[in-house]
Every structure is written in C-alpha cells, then in structure tokens.
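Enquirer: Residue numbers (my numbering), protein chains in the order written: chain A, 327 to 631; chain B, 5 to 157; chain C, -16 to 641.
We put the beta carbon where it would ideally sit given N, CA and C, even for glycine.
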C-alpha cells in the first residue's frame, strides 16, 4: 500500500471539514494510506508573515522537520494556504544557507530539506494515476463546472508548477468525471482571501465578480481546492445575495468532492451536506438518496427557485 | 644573453623573473598597445610572442618556454564571446584546462602558468595583469627545474 | 644564407627618450645573419623608408626587421616600402619598441635591454619567414539576395543599378514582403503599397535582376566570390511562361474559403491564387494542400477555364544550381506568438489581434476595404485598446529586447483608427515611448495631442471576454497610481518582432552566426554592421535585428555597396596568412575539420591514375581560411602549419628568449 504524509492544518477540522472527509475517502479508495504528522502546528497562514518573518518560516519549518523525523518523503497539504507556506519555506531554505541554521536554533529540530509538499491538485492527479481514474463509475454528464484556482494554486512561480495565467491542473481530473469544464474568465481572480474578516466589503465585491462570471458562463458549480476561497465564495455568498449584489445559488465544491461523487461515494460521506449554499440537490442529480426520491425532487424544486 | 642586458643585471637586485606571454593579435596585443599609448608603467619582465589567436597555441610552445628558461608563462586572448575568429579562445581554454593538470607531471609546479582575457580596450587591465603576474612569480621564486636558466632578462 | 637588415626608429623622442637606440643598433649588428643595422629619427618618414629601400637593394637583404611602433600602426607602410624595393613584403617584421617598451618603462638601461630582446626575437623569426603572395580568388560577379521584402528589393535594385547581376530569391509567390501588407507608414502616413509597388515592378523588369519567387535556398557551398547555391523552385502548377495573369482561374476556383496569409488570416483566398492584386509576378500558384484536384483528383476547373493552357497538375519541385559571388540575407521577421500570454486570452480571443491584422483591417485593399471592423462580428469597434511591448522586454515569457518599431506603429494604428472612426476611443498601454528617429517623436505627440489617442502608462494584467462580447482590459495606470479597467471592442497587441522560424538553417548553410534569439549576427556591432563572420555574406533588414523601413532600406543599400565593392575587381586579394596541410603527414583524423569555425578545412580525396581513391586527407580552402591557426594547434600529426606563424618561427622566437 502506498502511503503519503498528511498535514490537515486548521481548516480541515473546521470550516473545511468536507475537504478532509472527501480526501480521506478518495485516498482509501485509491489504496493510499494518509499518515498524519504527529504533533503538527499551525502553518502561520496569512497572519504570521505580517507579524514576524522568522515566525512565518519557523512555524512551517517545525512541521517539515517533524515530517522528516517521521520519515515522510512526501506530505499532502490540502489547504492551498498551508501548501503555499510549507512549500514556500522549502524554497526559501534551499535558497539561503544561513536560514536553515537559524531555524534549527529557533525550533531546535534539524531539517535537511528532504520533504516534498504536494498540493491538493498534485495529490488528486497522483491518485488518478494510481488507479482512481478507473474507479469513477458515475459519469457526471451534464454537470457544468467552473474550475477556480484563486491565487495560491496558481501563483508563486517556484511554488506552483502550473501556468500562473492560465492554470490547468484541475481540468484533466474534472473531464475524467464526465463533467463539462466551462470557458470562463475568473479562474485566477482574487476572492478576497484573508480579508474575509477585516475587509468583508471588499471580499463581497471580489467574490461577487467571480460568482457572476461563473454564472454568466453557465456553470452549475464552482470547483476549488482552497478552503479560504471556499469560505469566501460559499459562506459569503449568502451575504452577497442578501445585500442584493446578485442572486447566484452557486454551490462551491472542492475538487475532491466532485471526484468523490464520480467515485460513487455518498453525499454525507463527502460532507456535501455541510455547505452554506446547498449542494445536495446538485449532488442528488448523480447520487439520488436511497428511499427519498421525492425529497430529492422537493429539494431540487426549492433549489431551482 | 647580450651584453646590453647583462649590463642591466648590475642594477637589478634579487630575483628578476623571466616571463613569456603568448597573446593573440586582436585583443591582448592591442590591449598591450593601449597600455603603451596610455603610458601605463608596468614591470619589464614579460616578453610577448604574438600569435593570430590563442587557438594557435600549441601546448609545446609553453613547455618549450619553460625549457628555455622562463619562470612563468602567461596566455592571454580575447574575452569569451569576443574571439576575432569566433571560437579560437574557447579551444584554447579547453586545451588549457586539460594541459594545466599535465603540467605538474612535467615538473612544473602550479602558479607558473597564467591565463587571462584582456580585450583591446583593457590597457589598464593588461598593465595590472603584468604587474600582478610578475609579483606572484617573484614571490614564487625561480623555476628550479629549469636547466637552461642562466640569468634574468 | 640570411642577410637581415635591422632598422631602429627613435620615433622622435618617443622611443629614443627611454631606449638607447644607437646601442640597440650596435647590439643588433652583432646578431648572426644581420648584415646591416641602423637607427634613424623617424623611420616611417620618406628618408627613413628610403634608407630601408636602399639597404634592401644594396645589401641584397633577405629579411628586414623594423623596430619602431606597433605593427598595427605601420606594418603596412614598411611592407609596402619593402615591396617597392623588390623584397617580398612578408619578409619584413616589426619589433614593437614603442607601445610595448619605451612607453611603458622608465628605466633606460632596462628598456634598452628589453628592446634588444625584442629585436633579437624578430630577427630570428624573420630569418624563417618565407615569401608569401596575396591569395587571388576569382569572383563570380553575380549576387544572390535571399528574401524579397523591402530589404531584398532595395539591395537587388542597388546592386543591379551598379551593373551587376542579381538573383532575388523569395519563398512566397510574390515579392513585396511585409511592407506590401501595411496600410500606411510612419511617420508620414504615406500609403505603403503606393511607394512599394513601383519598386517591386522595377525589380521584376530590371534586366540585371532574375526573380525567383516561390523558391527557397536548399544548400550553400563554396566561399566568397565562389558560392554554389542550390535553390528549390517549388511547384507552381502554373506555367509562368504561358500565364498572362488574366485571373480567370482564381475567380472560378471553387475553393474560396482558405484563410489568406497575406491578409493575416482575416481574409479568404482561393486554392489557385496570387497573394494580392498587385503581386509581382502577377501569376498565380496552386496551393497543393487545399486544391481538390491535387488532393483528391476532383475539380480541374482552372485547367478548363485557362485560355492559355498554363495549368499543369503534374508540376514538380525543381532544384536549380547557381554560381554567385556574394549573398545578401534579407529574410526579415515575423511576429511573436502572443498565445503564450494566458493573461491576454492565450490566443483564444478572436477580437484580440496582432499588428498585421490591424494593418490589413486598415488597408484599403484589405478584407474590410479599409473599414475597421472586428473579426468576431464585423462590427465597427467603439473602443480599441492597443497594448505595446507584447512579448518584448519580457525576459520570462517573451523576448528580452525592445522590438523598436512597435511604439511607432502603435501610434500610427491609433491615429488611423481615430481618422476612420471619429467617435471611437483609442487607448494605448505603454511601458515607455521610444520614438527616436527623424520626425518620430513629433509623430507620437501628434497621435496624443491632435488625434486624441489616450496613452496609459502601465501594463495590462488581463483581458477577458464578458458575456455581452465586450473585452474587459484590466491593467495599471502607473502614472495615476491606480488600476484601470476598460471595456473594449477590439484589442491590438504590438507583438514582439522575432526572426523567421527556421532561419537558423539558412545561417548554418551560409556559415553566419546568430544570437540566442535567432537574429543573424553582424561581423562587428558597430564597425561592420552588414558583414558577417562568413566572408561574402551580408545582412539587410530585420533578419539582423528589429528595424523599421528607413533603417532597413539604408542597410540594404549598404549591403549593395559592399557587394559592388567586392565585385569591383575581377579577382579578390586576401592576406596569405592561411593554414596549409602537409598531405604526406595527414592521417585524416578530421580534428581540424571539426575545429575550423569557417569550414575551411575540408576532405580531399587523393586518387591514383585510374581514379581510385588512395587516401583521404584534409585540405585548407584558401578562400575560406581566416588564419586563426586553431587547426594547427589541434593537429595530432603536426601536418598543418600556418603561414606567417609557423611552428618553426614561433619555436625560434621562444628559443631566442633563452
């Protein structure tokens, strides 16, 4: 059995729990063991580097050092922010000789730089190669998806291997599910990111533009890999709608949820019932509830309003 | 040696090295000309052998110079990319990289072969180079394996 | 027995101040083989030269050493004097007492000692010099010009005007190049075709110019004065001798939907076609890829309709060999492919066009007859955004260099648009405005001040198509310090100027260097801007670097001057400093052949009387050899030597330094 290190980070037990659920489900299906790093800490996310540069490196450094100590060659960081912090730290350590020694003193753990960090797209594409592609019995025919990368899965030329201006890491996996990828414009626009709390109005504006473009392109849902984007587009969508900026009712799914749906995993197992903008109706198009076809229709009617 | 040079010996005290420089016609020879027109003073221990290109330098020339009494040899041509003949200096550099390792086998210790790029515009660099090489060779002392060594120039 | 004369120059005080010239002369006189040794105040003066001439005659000298200034200064002077006195000029050498001795040392005895050494070395060298004679190379007084754009046309016309024959090779069916596609030209806004087409006709009708259109250079052999070029004349399927250019064929051709290359794919053409109505020669060719007669054997309309029976579906490519003495490369440029910019739509947005497409839209002979209409829906755009530096000055994704012409043609485009659509809005995004040239800055000022083009300094970060069809152009206005977003109907990208794809192949054939971008390299960036490392091959136009029309024409005329200079004498004289192979020693390891940067060392078969090959050896082509001597040093069997710098001479020099 293949195994891979796992760094869930904070979101995956909180707002992004469905990302954790769906990833674990898919890994099991592809027979890949996820080995969580023991005693992991916060990656620093968007906050640490605004406070202290040493702290912003020391936090991911500790996670990397722990992973190395556990003999983890590759570590999945599903959250795009965690991925960016961890891999960015690897890059910085490699570039500067002094930094490693300094961090070793601060954290009091050695780290040689051997741990490779995988993003959610890299991980899921790997699972597809490892046989997941053959375990997608359901065809999501007719599902129009708008793959949304945001900043952290498209930017940082030595962090993200994709084309920053027109990334395509999600496309192949989405097409393998039978879904239709819509041609839209805002795949790499900013959702407002970490300003969700401090500058909510700005986030509403930015996320509104993304939702509007996805809707204009005819998408049934937006697909993302980032819990931050997810919360801005999903949770804030209610506020966007209530403040009259636009009415979208646009479910926002994680890439792993879409793959899980195609793999025939149950909606509850995937956490699709946990979204602010209900995603169940959409999911039930491909995974009707066992004995409650009527309910599904009812939900569907409700949704179509 | 001639009488005229012998006379100069009386003035020179201590070790006066003999250095043979193989230079290309287009860059370093012209650089040496510029040092002259700029009236830059430099050590008088170097004798230039002009060649069309450093690519023309046969390793035997260098060995022959040591055999003939040189305490050091300097090879200088056009900067990489500036060769009048497109690539002669690259050939020279490749040859020199290998040849340098063989020198110790021939009994020539390190620090007696110098390589440099001097362009036609680098009169000052040429003068500095000659002074620098001369100082290094002076510090290294006479080339002791040199059977032909008789006196300084 | 050597009879050497040594002549020491005081150069006034220049040498005499630090070097005891009389002592040097005295010492030199004692050297073996020296029969005369004199010093004089100014050796380069008439009396000084006369002194040398007299000594050569009276003493029957076999070699001369002039110890004076640098040979770069006066070697030619003294060698000429020696020749006048009947001594082979290559039997004279110079010792550099001024630049390398008197000017760089102050101590008089030391400088004098060094001067004697310098003279001794040269005396030993010159004893081993042998008489050399300038190499005579026959020159075939015909030039080949590759590329029939304005550069090639101008070079061909100028060479032809000088009375020499020219073969003008053009790969497309007509000459004219990019200039024929332009609507109007900066900075005068005169119609491009109006000024170009008379030149095209002149080139075609000039008795000294042979036009070879729809042809490509296949191979180049030989060397300066004696190139042998193989040219592929592509099958036209139309006999140009019979065709009158009446046009019946292409009006009747049923295949009418082929995107026209001339119209930058905005217009359509038929399968049998001339690229544009004023094409020279105005005789169609059949596009074998799209003609159903050639692909499926069905149709044959053009053959039926042709009143002259000029159509020949059996036509084949033909290889023609020509002998020429000089080659002018004028292969021009193309535009960078902006689909590499994902942020500008990655080439998927049809209303994001390049400069040539805009030229064709603005041209009276273009697909819209000169009306600016956008490709997607044929509507007149009310806001056009022009973006400069698309792919230029972008080391990461594009080209590191400035394409030079874009600032000017973008200003022109903005003007043309405003002249045609009076209520339209022209917005130009720029990084810097580089309008150096006669009347150029005035021109860009006019675009801004009189014609109302809105110039925004900053880059565009994204272009996308909104559902209503508007192109949203987002960028930064770095002067105002704020982001801008413009709803545009059409976007024109000033794509970088890049060399022709595959141009490296032609360069390699000719022995011409090219830079990392693929532009052909001139021999010297300042002093030899049209020559190349390959003697007899010259560069004109944008194949060397991005250039506008005036610069291109000037360089083309410079090429013509170089070619005519080369052709002025029936034979070409070259310095006889060349390598020679001793064929008895050569073991044909081919090291020299692989080393030579000029392809001057070549295989030579030695045959017996029956014509059987006995042995293959290396041979140096005197016409190509530049005398660097790299082959000499690399030769394992010591079979090559370099005239003027033989092993014997150099070893003698080294031995003298003992």
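Pull up the distance between the alpha-carbon of residue 51 of chain C and that of residue 180 of chain C, whole angstroms please.
Expert: Indexing the third chain from 1 puts residue 51 of chain C at position 68. Indexing the third chain from 1 puts residue 180 of chain C at position 197. Rounded to whole angstroms, residue 51 of chain C to residue 180 of chain C spans 59 Å at the Cα level.
Enquirer: Would you mind working out which of A:451, A:468, A:435 sits nearest residue 508 of chain A, comparing C-alpha positions?
Expert: On the first chain, residue 508 of chain A is found 182 positions in, with the first residue counted as 1. The candidate whose alpha carbon is nearest that of residue 508 of chain A is A:468.
Enquirer: Going along the chain, which unbroken runs of the alpha helix (DSSP H) with 4 or more residues stay wholly within the region 235 to 293 of chain C?
Expert: Complete alpha helix (DSSP H) runs here, min 4: 275 to 279, 284 to 288.
Enquirer: Tell me whether residue 371 of chain C sits in a helix, a strand or coil according to DSSP, three-state version.
Expert: On the third chain, residue 371 of chain C is found 388 positions in, with the first residue counted as 1. In the structure shown, residue 371 of chain C sits in a strand (DSSP, three-state: E or B).
Enquirer: Can you check whether the C-beta of residue 69 of chain B is within less than 7 Å of a C-beta belonging to chain C?
Expert: Reading the second chain from its first residue, position 65 is the one you call residue 69 of chain B. Chain C, which has a Cβ nearer than 7 Å to the Cβ of residue 69 of chain B, makes this yes.
Enquirer: Quick check: the Cα distance between residue 11 of chain B and residue 1 of chain C, rounded to an integer number of angstroms?
Expert: Residue mapping note: residue 11 of chain B aligns to position 7 of the second chain, counting from 1. Residue mapping note: residue 1 of chain C aligns to position 18 of the third chain, counting from 1. Unreliable positioning characterises residue 11 of chain B in this predicted model, as indicated by a pLDDT of 38, which lies under 50. A coordinate reading is not provided.
Enquirer: Could you give the residue range of the alpha helix (DSSP H) that holds residue 546 of chain C?
Expert: What you label residue 546 of chain C is simply residue 563 of the third chain in a count that begins at 1. Its alpha helix (DSSP H) spans residues 532 to 550.
Enquirer: For residue -4 of chain C, which option in C:220, C:91, C:44 has the closest C-alpha, if you only look at C-alpha atoms?
Expert: Mapped onto the third chain, residue -4 of chain C falls at position 13. Of the listed residues, the one whose Cα sits closest to residue -4 of chain C is C:91.
Enquirer: Can you check whether the C-beta of residue 347 of chain C is within less than 7 Å of a C-beta belonging to chain A?
Expert: Taking the first residue of the third chain as 1, we reach residue 347 of chain C at position 364. Output row for residue 347 of chain C: interface = no.
Enquirer: Could you give the C-beta distance for residue 145 of chain C and residue 543 of chain C, rounded to a whole number, given that I count them as a contact under 8 Å?
Expert: Counted from its first residue, the third chain places residue 145 of chain C at position 162. Counted from its first residue, the third chain places residue 543 of chain C at position 560. Residue 145 of chain C to residue 543 of chain C, Cβ: 7 Å. Contact.
Enquirer: Please identify, using Cβ separations under 7 Å, the residues of the region 25 to 56 of chain B that lie next to chain C, in order along the chain.
Expert: Cβ contacts with chain C: 34, 36, 37, 39, 40, 41, 43, 44, 45, 46, 48, 51, 52, 53, 55, 56.
Enquirer: Report buried or exposed for residue 177 of chain C, applying the criterion of at least 16 other Cβ atoms within 10 angstroms of its Cβ.
Expert: Start at 1 with the first residue of the third chain, and residue 177 of chain C comes out as number 194. When all chains shown are included, residue 177 of chain C counts as exposed.
Enquirer: Can you give me, in chain order, the residues of the region 90 to 101 of chain B that have a beta carbon less than 9 Å from any beta carbon in chain C?
Expert: Here the close residues are 90, 91, 92, 95, 96, 99.
Enquirer: Who are the neighbours of residue 489 of chain A on chain C, taking C-beta pairs under 7 Å?
Expert: As a first step, residue 489 of chain A must be located in the first chain, where it is residue number 163. Residues of chain C passing the Cβ test: 325.
Enquirer: What residues match up with residue 77 of chain C in a beta bridge as DSSP calls it?
Expert: One-based indexing of the third chain puts residue 77 of chain C at position 94. Answer is C:49, bridged to residue 77 of chain C.
Enquirer: Between the Cα of residue 472 of chain C and the Cα atoms of C:135, C:335, C:-9, which residue gives the shortest distance?
Expert: Within the third chain, the letter at position 489 stands for residue 472 of chain C. The shortest C-alpha separation from residue 472 of chain C is found at C:335.
Enquirer: Nearest-angstrom Cα distance between residue 414 of chain A and residue 485 of chain A?
Expert: Residue 414 of chain A sits at position 88 when you count from the first residue of the first chain. Residue 485 of chain A sits at position 159 when you count from the first residue of the first chain. Roughly 6 Å between the two C-alpha positions.
Enquirer: Check each candidate in C:416, C:364, C:400 and name the one with the smallest Cα separation from residue 371 of chain C.
Expert: For the purposes of this step, residue 371 of chain C is taken as the residue at position 388 of the third chain. Out of C:416, C:364, C:400, C:416 has the C-alpha closest to the C-alpha of residue 371 of chain C.
Enquirer: Which term fits residue 171 of chain C, buried or exposed, when burial requires 16 or more other beta carbons within 10 angstroms of its beta carbon?
Expert: Working through the third chain from its first residue, we reach residue 171 of chain C at position 188. Classification of residue 171 of chain C: exposed, given that the 10 Å Cβ count is below 16.
Enquirer: Output the boundary residues of the alpha helix (DSSP H) element that contains residue 122 of chain C.
Expert: Within the third chain, the letter at position 139 stands for residue 122 of chain C. Residue 122 of chain C -> no alpha helix (DSSP H), and no H or E assigned at all.
Enquirer: Can you find a C-beta in chain F that's less than 7 Å from the C-beta of residue 59 of chain B?
Expert: In summary, chain F is missing from the structure at hand, where the protein chains are A, B and C.
Enquirer: Along chain C, which residues have their Cβ under 8 Å away from the Cβ of residue 73 of chain B?
Expert: As a working note, residue 73 of chain B is residue 69 in the second chain. Within 8 Å Cβ-Cβ: 640, 641.
Enquirer: Going by the beta-carbon positions, is the gap between residue 671 of chain C and residue 338 of chain C smaller than 7 Å?
Expert: The question about residue 671 of chain C has no answer here: the residues shown for chain C are numbered -16 through 641.
Enquirer: Classify residue 19 of chain B: buried if its beta carbon has 16 or more other beta carbons within 10 angstroms, exposed otherwise.
Expert: Here the question's residue 19 of chain B lines up with position 15 in the second chain. Exposed, by the Cβ-count rule.
Enquirer: In terms of residue numbering, what span does the alpha helix (DSSP H) encompassing residue 175 of chain C cover?
Expert: Indexing the third chain from 1 puts residue 175 of chain C at position 192. Residues 175 to 188.
Enquirer: Looking at the secondary structure, which residues open and close the alpha helix (DSSP H) in which residue 431 of chain C lies?
Expert: In the third chain, residue 431 of chain C corresponds to position 448, counting from 1. Note, residue 431 of chain C: alpha helix (DSSP H), 423 to 432.
Enquirer: List the endpoints of the continuous beta strand (DSSP E) containing residue 585 of chain C.
Expert: Working through the third chain from its first residue, we reach residue 585 of chain C at position 602. Segment 584 to 590, the beta strand (DSSP E) holding residue 585 of chain C.
Enquirer: Alpha carbon to alpha carbon, how far is residue 371 of chain A from residue 464 of chain C? Give it in angstroms, no decimals.
Expert: Here residue 464 of chain C corresponds to residue number 481 of the third chain, with the count starting at 1. Here residue 371 of chain A corresponds to residue number 45 of the first chain, with the count starting at 1. If I take the Cα positions, the gap works out to 29 Å.
Enquirer: Quick one: Cα of residue 631 of chain A to Cα of residue 462 of chain C, how far?
Expert: Reading the first chain from its first residue, position 305 is the one you call residue 631 of chain A. Reading the third chain from its first residue, position 479 is the one you call residue 462 of chain C. With a pLDDT of only 44 at residue 631 of chain A, under the threshold of 50, the placement of this residue in the model should not be trusted; the figure read from the coordinates follows. About 48 Å.
Enquirer: Opposite residue 11 of chain C in the DSSP bridges: which residues?
Expert: Taking the first residue of the third chain as position 1, residue 11 of chain C is located at position 28. Answer is none; residue 11 of chain C lacks a bridge partner.
Enquirer: Mapping DSSP to helix, strand and coil, what is residue 442 of chain A?
Expert: Taking the first chain and counting its residues from 1, the one referred to as residue 442 of chain A is at position 116. Strand at residue 442 of chain A.
Enquirer: Around the Cβ of residue 70 of chain C, are there at least 16 other Cβ atoms within 10 angstroms (buried) or fewer (exposed)?
Expert: Taking the first residue of the third chain as 1, we reach residue 70 of chain C at position 87. The residue in question, residue 70 of chain C, is buried, as its Cβ has 16 or more Cβ neighbours within 10 Å.
Enquirer: Specify whether the region 4 to 13 of chain C and the region 98 to 107 of chain C touch according to this definition: at least 3 beta carbon pairs, one from each stretch, less than 8 Å apart.
Expert: Yes, the region 4 to 13 of chain C touches the region 98 to 107 of chain C.
Enquirer: Please report the straight-line C-alpha distance between residue 87 of chain B and residue 363 of chain C, rounded to a whole angstrom.
Expert: Working through the second chain from its first residue, we reach residue 87 of chain B at position 83. Working through the third chain from its first residue, we reach residue 363 of chain C at position 380. Rounded to the nearest angstrom, the two C-alpha atoms are 56 Å apart.
Enquirer: Does the region 571 to 591 of chain A come close enough to the region 463 to 481 of chain A that 3 or more CB-CB pairs lie under 8 Å?
Expert: Touching, per the Cβ criterion.
Enquirer: Report the neighbours of residue 492 of chain A on chain C: residues whose CB is nearer than 7 Å to its CB, in chain order.
Expert: Along the first chain, read from residue 1 onward, the residue named residue 492 of chain A stands at position 166. Ordered by position in chain C, the residues that pass the 7 Å Cβ test against residue 492 of chain A are 325, 329.
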